[in-house]
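What follows is a set of notes on a single structure, which appears directly below.
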Amino acid sequence: MQSVSRSVDMALIHRIQEGFPTAVAESLLKHNTLTRQELYKFIPPRTWARRVKEHRLSPEESDRLAMVERIVNFANDVFGNKDKAYTWLRRPNRSLENQTPLDLLHSEMGTRLVETLLERIQHGIYS
Numbered sequence: 005m006q007s008v009s010r011s012v013d014m015a016l017i018h019r020i021q022e023g024f025p026t027a028v029a030e031s032l033l034k035h036n037t038l039t040r041q042e043l044y045k046f047i048p049p050r051t052w053a054r055r056v057k058e059h060r061l062s063p064e065e066s067d068r069l070a071m072v073e074r075i076v077n078f079a080n081d082v083f084g085n086k087d088k089a090y091t092w093l094r095r096p097n098r099s100l101e102n103q104t105p106l107d108l109l110h111s112e113m114g115t116r117l118v119e120t121l122l123e124r125i126q127h128g129i130y131s
């Protein structure tokens, strides 16, 4: 079973290295995972317009969106409800110096901090 998990992870890594098709980001918009303004915080509007013409995101943009989606899915699991998860991701949090969890997903360190906070909530350590 572990080798299957690794192959899935490697498949995702290869897709990230190639750059996701812009349809991946459009799917995040379509399913209300991100608003357009939130997407623009990860991929500025002019860059997004270029990417749409090219039909492909850069590896860095793909990596960032993969991390965002991973955290969103984790929040869904922790809260057991998509709406509660999205509300939590968009609400300023005292543990994050009143920043929203979504705002911290622009860096790897911020993403780790949000992930740690979700783990604490999941295990009942954080209220």
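Convert by adding 4 to the 1-based position in the sequence shown; the result is the number in the numbering used here.
Ideal placement from N, C-alpha and C gives every residue a C-beta, glycine not left out.
Reference residue i; option with closest CA among the options
i: glutamate 65; options: Met14, Asn77 and Lys45; result: Lys45
i: glutamate 112; options: Ser62, Ala15, Ala70 and Ile17; result: Ala70
i: aspartate 87; options: His35, Phe24, Gly23 and Arg54; result: His35
i: asparagine 80; options: Trp52, Ile125, Arg50 and Lys57; result: Ile125
i: alanine 27; options: Arg60, Glu101 and Gln103; result: Arg60
i: threonine 136; options: Asn77, Arg94 and Arg50; result: No information on residue 136 is available, as it lies outside the stretch 5 to 131 that the chain covers here.
Residue burial classification, residue i (beta-carbon count within 10 angstroms, cutoff 16)
i: threonine 37; result: buried
i: glutamine 21; result: exposed
i: valine 8; result: Because the pLDDT of valine 8 is 44, which lies under 50, any placement of that residue in the model is unreliable, and the number read from its coordinates should be weighed accordingly. Its Cβ having fewer than 16 others within 10 Å, valine 8 is exposed.
i: arginine 98; result: exposed
i: isoleucine 47; result: buried
i: isoleucine 75; result: buried
i: glycine 84; result: exposed
i: arginine 68; result: buried
i: glycine 128; result: exposed
i: serine 131; result: At serine 131, the pLDDT of 48 sits below 50, so the modelled position is not reliable and the matter cannot be decided from this model.
i: proline 105; result: buried
i: alanine 29; result: buried
i: arginine 54; result: exposed
i: glutamine 6; result: Residue placement at glutamine 6 cannot be trusted, given a pLDDT of 42 that sits under 50; the coordinates are not used to answer.
Beta-carbon proximity of residue i to residue j, cut-off 8 Å
i: leucine 16; j: leucine 32; result: no
i: leucine 122; j: threonine 115; result: no
i: glycine 23; j: proline 63; result: yes
Which ranges does the alpha helix (DSSP H) cover as unbroken runs of at least 4 residues, wholly within the region 38-121, from first to last along the chain? 40-46, 49-58, 63-83, 86-94 and 105-108
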